[in-house]
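Visitor: Residues 677 to 889 (the numbering used here) are what the sequence shown spells out, left to right.
Glycine is no exception: its CB is placed at the ideal position from the N, C-alpha and C atoms.
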Amino acid sequence: MRDKKKDLPYLLCLLVMPVLGLLYKLLNTDTREAVILSTDMDALIPFVPVFIVPYIIWYAFILGYLFYFWYKDIPIFIKTLSVIVIGELVCFIIYFYFQTTVPRPDLAGDGVFVNLVRMIYSHDQPYNAFPSIHVLTTFSIILANINIKNKHSFHSAFVPLMGSLIIVSTLFVKQHYILDMVGSIFLTAFIYGIIFELYGVSTKKSNQAYLKE
(Lines of atoms letter the chains of each structure in order from A; the text may use other names.)
(Lines give C-alpha, C1' and ligand atoms only; values in the text may rest on other atoms or scores of the structure.)
Protein backbone atom coordinates (compact mmCIF):
# COMPACT_ATOMS: atom_id res chain seq x y z
CA MET A 677 0.00 0.00 0.00
CA ARG A 678 3.00 2.32 0.53
CA ASP A 679 3.64 2.17 -3.22
CA LYS A 680 0.13 3.54 -3.79
CA LYS A 681 0.61 6.74 -1.78
CA LYS A 682 1.46 8.67 -4.93
CA ASP A 683 -1.88 7.56 -6.43
CA LEU A 684 -4.01 8.71 -3.49
CA PRO A 685 -5.00 12.02 -5.20
CA TYR A 686 -6.78 10.01 -7.90
CA LEU A 687 -9.28 8.87 -5.26
CA LEU A 688 -10.54 12.46 -5.12
CA CYS A 689 -12.17 11.72 -8.47
CA LEU A 690 -14.71 9.64 -6.55
CA LEU A 691 -16.14 12.86 -5.13
CA VAL A 692 -18.05 13.13 -8.40
CA MET A 693 -20.28 10.25 -7.23
CA PRO A 694 -22.27 12.18 -4.58
CA VAL A 695 -22.68 15.02 -7.09
CA LEU A 696 -24.20 12.57 -9.57
CA GLY A 697 -26.41 11.24 -6.78
CA LEU A 698 -27.72 14.73 -6.08
CA LEU A 699 -28.53 15.30 -9.76
CA TYR A 700 -30.35 11.96 -9.80
CA LYS A 701 -32.55 12.99 -6.88
CA LEU A 702 -33.36 16.37 -8.44
CA LEU A 703 -34.62 14.60 -11.57
CA ASN A 704 -36.43 11.78 -9.76
CA THR A 705 -39.92 13.29 -10.11
CA ASP A 706 -43.01 12.93 -12.28
CA THR A 707 -43.31 16.62 -13.20
CA ARG A 708 -42.47 15.83 -16.83
CA GLU A 709 -45.39 13.44 -17.52
CA ALA A 710 -43.64 10.11 -17.08
CA VAL A 711 -44.10 7.38 -19.70
CA ILE A 712 -44.46 3.64 -19.04
CA LEU A 713 -42.22 1.45 -21.24
CA SER A 714 -43.70 -1.91 -20.29
CA THR A 715 -43.75 -4.74 -22.83
CA ASP A 716 -45.55 -8.08 -22.99
CA MET A 717 -42.35 -9.77 -21.79
CA ASP A 718 -42.25 -7.56 -18.69
CA ALA A 719 -45.69 -8.86 -17.73
CA LEU A 720 -44.22 -12.39 -17.64
CA ILE A 721 -41.49 -11.44 -15.15
CA PRO A 722 -42.66 -12.16 -11.59
CA PHE A 723 -42.00 -9.99 -8.57
CA VAL A 724 -39.37 -11.87 -6.53
CA PRO A 725 -38.50 -10.02 -3.29
CA VAL A 726 -35.31 -12.02 -2.63
CA PHE A 727 -33.69 -10.26 -5.58
CA ILE A 728 -33.59 -7.12 -3.46
CA VAL A 729 -30.38 -8.57 -1.98
CA PRO A 730 -28.24 -8.26 -5.14
CA TYR A 731 -30.05 -5.00 -5.90
CA ILE A 732 -28.77 -3.53 -2.62
CA ILE A 733 -25.33 -5.15 -2.97
CA TRP A 734 -24.95 -2.88 -6.02
CA TYR A 735 -23.95 0.02 -3.76
CA ALA A 736 -20.94 -1.84 -2.33
CA PHE A 737 -20.20 -3.58 -5.65
CA ILE A 738 -19.69 -0.34 -7.59
CA LEU A 739 -17.69 1.52 -4.96
CA GLY A 740 -15.70 -1.56 -3.97
CA TYR A 741 -14.59 -2.31 -7.52
CA LEU A 742 -13.76 1.30 -8.27
CA PHE A 743 -11.38 1.12 -5.32
CA TYR A 744 -10.08 -2.21 -6.62
CA PHE A 745 -9.43 -0.73 -10.06
CA TRP A 746 -7.63 2.21 -8.43
CA TYR A 747 -5.43 -0.25 -6.56
CA LYS A 748 -4.69 -2.42 -9.59
CA ASP A 749 -4.56 0.01 -12.53
CA ILE A 750 -4.98 3.81 -12.41
CA PRO A 751 -5.75 4.21 -16.16
CA ILE A 752 -8.50 1.57 -15.90
CA PHE A 753 -9.84 3.33 -12.81
CA ILE A 754 -9.98 6.69 -14.60
CA LYS A 755 -11.50 5.22 -17.75
CA THR A 756 -14.15 3.29 -15.79
CA LEU A 757 -15.12 6.35 -13.80
CA SER A 758 -15.28 8.32 -17.05
CA VAL A 759 -17.67 5.77 -18.58
CA ILE A 760 -19.88 5.98 -15.49
CA VAL A 761 -19.87 9.78 -15.33
CA ILE A 762 -20.52 10.29 -19.04
CA GLY A 763 -23.16 7.56 -19.02
CA GLU A 764 -25.01 9.03 -16.06
CA LEU A 765 -24.93 12.53 -17.55
CA VAL A 766 -26.49 11.13 -20.73
CA CYS A 767 -29.12 9.41 -18.57
CA PHE A 768 -29.88 12.68 -16.77
CA ILE A 769 -30.47 14.45 -20.08
CA ILE A 770 -32.86 11.66 -21.10
CA TYR A 771 -34.64 11.81 -17.73
CA PHE A 772 -35.17 15.54 -18.16
CA TYR A 773 -36.65 15.32 -21.65
CA PHE A 774 -38.15 11.81 -21.56
CA GLN A 775 -39.11 10.80 -18.05
CA THR A 776 -40.36 7.23 -17.54
CA THR A 777 -41.89 5.42 -14.61
CA VAL A 778 -42.39 1.86 -13.36
CA PRO A 779 -45.63 1.19 -11.44
CA ARG A 780 -44.82 -0.80 -8.35
CA PRO A 781 -46.60 -3.89 -7.02
CA ASP A 782 -48.55 -3.86 -3.78
CA LEU A 783 -46.32 -5.14 -1.01
CA ALA A 784 -48.01 -7.62 1.29
CA GLY A 785 -46.52 -9.18 4.41
CA ASP A 786 -43.59 -8.31 6.64
CA GLY A 787 -40.88 -10.73 5.52
CA VAL A 788 -37.28 -9.52 5.60
CA PHE A 789 -37.01 -9.30 1.81
CA VAL A 790 -40.36 -7.55 1.43
CA ASN A 791 -39.31 -5.06 4.09
CA LEU A 792 -36.07 -4.41 2.23
CA VAL A 793 -38.04 -3.77 -0.96
CA ARG A 794 -40.33 -1.45 1.00
CA MET A 795 -37.28 0.44 2.26
CA ILE A 796 -35.86 0.87 -1.26
CA TYR A 797 -39.24 2.00 -2.59
CA SER A 798 -39.51 4.61 0.17
CA HIS A 799 -36.09 6.08 -0.65
CA ASP A 800 -36.30 5.97 -4.44
CA GLN A 801 -39.25 7.32 -6.39
CA PRO A 802 -40.43 5.18 -9.36
CA TYR A 803 -38.95 7.48 -12.01
CA ASN A 804 -35.55 7.90 -13.77
CA ALA A 805 -36.07 4.44 -15.23
CA PHE A 806 -34.81 4.60 -18.84
CA PRO A 807 -31.92 3.95 -19.11
CA SER A 808 -31.20 2.22 -15.80
CA ILE A 809 -28.25 3.64 -13.87
CA HIS A 810 -28.11 0.43 -11.83
CA VAL A 811 -27.46 -1.47 -15.06
CA LEU A 812 -25.19 1.18 -16.60
CA THR A 813 -22.79 1.30 -13.67
CA THR A 814 -22.81 -2.47 -13.15
CA PHE A 815 -22.12 -3.23 -16.82
CA SER A 816 -19.33 -0.62 -16.76
CA ILE A 817 -17.64 -2.58 -13.97
CA ILE A 818 -18.12 -5.90 -15.79
CA LEU A 819 -16.50 -4.55 -18.98
CA ALA A 820 -13.69 -2.74 -17.17
CA ASN A 821 -12.82 -5.81 -15.11
CA ILE A 822 -11.91 -7.61 -18.35
CA ASN A 823 -9.01 -5.17 -18.77
CA ILE A 824 -7.50 -5.75 -15.33
CA LYS A 825 -4.33 -7.80 -15.67
CA ASN A 826 -3.06 -10.36 -13.16
CA LYS A 827 -6.26 -10.38 -11.15
CA HIS A 828 -7.24 -13.24 -8.87
CA SER A 829 -9.52 -15.82 -10.44
CA PHE A 830 -12.12 -14.87 -7.82
CA HIS A 831 -12.62 -11.49 -9.48
CA SER A 832 -12.77 -13.06 -12.94
CA ALA A 833 -15.74 -15.16 -11.84
CA PHE A 834 -17.37 -12.96 -9.20
CA VAL A 835 -17.71 -9.74 -11.21
CA PRO A 836 -19.73 -11.15 -14.15
CA LEU A 837 -21.76 -13.41 -11.84
CA MET A 838 -22.69 -10.79 -9.27
CA GLY A 839 -23.00 -8.15 -11.99
CA SER A 840 -25.51 -10.29 -13.86
CA LEU A 841 -27.53 -10.87 -10.67
CA ILE A 842 -27.61 -7.14 -10.00
CA ILE A 843 -28.74 -6.39 -13.54
CA VAL A 844 -31.61 -8.92 -13.56
CA SER A 845 -32.57 -7.93 -10.01
CA THR A 846 -33.77 -4.58 -11.38
CA LEU A 847 -36.46 -6.51 -13.27
CA PHE A 848 -37.48 -8.90 -10.49
CA VAL A 849 -37.94 -6.18 -7.86
CA LYS A 850 -39.90 -4.11 -10.39
CA GLN A 851 -37.58 -1.13 -10.42
CA HIS A 852 -37.07 -1.31 -14.19
CA TYR A 853 -38.41 -2.74 -17.42
CA ILE A 854 -36.56 -4.75 -20.06
CA LEU A 855 -36.14 -1.68 -22.28
CA ASP A 856 -34.48 0.16 -19.37
CA MET A 857 -31.98 -2.68 -19.04
CA VAL A 858 -31.30 -3.08 -22.77
CA GLY A 859 -30.99 0.67 -23.28
CA SER A 860 -28.37 0.89 -20.52
CA ILE A 861 -26.36 -2.00 -21.91
CA PHE A 862 -26.19 -0.42 -25.36
CA LEU A 863 -25.36 3.01 -23.93
CA THR A 864 -22.60 1.59 -21.73
CA ALA A 865 -21.11 -0.47 -24.56
CA PHE A 866 -21.06 2.60 -26.82
CA ILE A 867 -19.33 4.83 -24.27
CA TYR A 868 -16.99 2.01 -23.26
CA GLY A 869 -15.95 1.58 -26.89
CA ILE A 870 -15.05 5.26 -27.13
CA ILE A 871 -13.27 5.55 -23.77
CA PHE A 872 -11.47 2.19 -23.69
CA GLU A 873 -10.92 1.37 -27.35
CA LEU A 874 -10.56 4.64 -29.27
CA TYR A 875 -8.85 6.47 -26.42
CA GLY A 876 -6.65 3.45 -25.77
CA VAL A 877 -5.55 3.30 -29.41
CA SER A 878 -4.73 7.00 -29.53
CA THR A 879 -2.79 6.71 -26.27
CA LYS A 880 -0.69 3.83 -27.61
CA LYS A 881 0.10 5.76 -30.78
CA SER A 882 1.16 8.80 -28.77
CA ASN A 883 3.42 6.68 -26.58
CA GLN A 884 5.00 5.01 -29.62
CA ALA A 885 5.63 8.38 -31.28
CA TYR A 886 7.17 9.65 -28.06
CA LEU A 887 9.50 6.63 -27.83
CA LYS A 888 10.66 7.10 -31.44
CA GLU A 889 11.69 10.67 -30.66
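(1) Using the three-state DSSP reduction, which class does valine 695 fall into: helix, strand or coil?
(2) Considering only their Cβ atoms, is the gap separating asparagine 821 from tyrosine 741 smaller than 8 angstroms?
(3) Give every residue of the same chain whose Cβ lies closer than 8 angstroms to the Cβ of glycine 839, excluding the five residues on either side of it in the sequence, and list them in chain order.
(4) Glutamate 764 and isoleucine 728 - do their beta-carbons sit closer together than 8 angstroms?
(5) Apart from the five residues just before and just after serine 758, which ones in its own chain have a Cβ nearer than 7 angstroms to its Cβ?
(6) Just checking, does the stretch 824-835 make contact with the stretch 702-719 on the three C-beta pairs under 8 angstroms criterion?
(7) For phenylalanine 789, which residues from the same chain have a beta carbon less than 6 angstroms from its beta carbon, with the 5 sequence-adjacent residues on both sides left out?
(8) Report the residue ranges of all alpha helix (DSSP H) runs contained in full by the stretch 741-787; include only those spanning at least 4 residues, in chain order.
(9) Per DSSP, valine 711 forms a beta bridge with which residues?
(10) Rank Asn823, Tyr771, Tyr797, Ala719 by C-alpha distance to the C-alpha of leucine 783 and give the top, closest one.
Guide: Answer, in terms of the structure:
(1) helix
(2) yes
(3) Phe737, Thr814, Phe815, Ile817, Ile818
(4) no
(5) Ile871
(6) no
(7) Pro725, Val726, Ile728
(8) 750-773
(9) Thr776
(10) Tyr797
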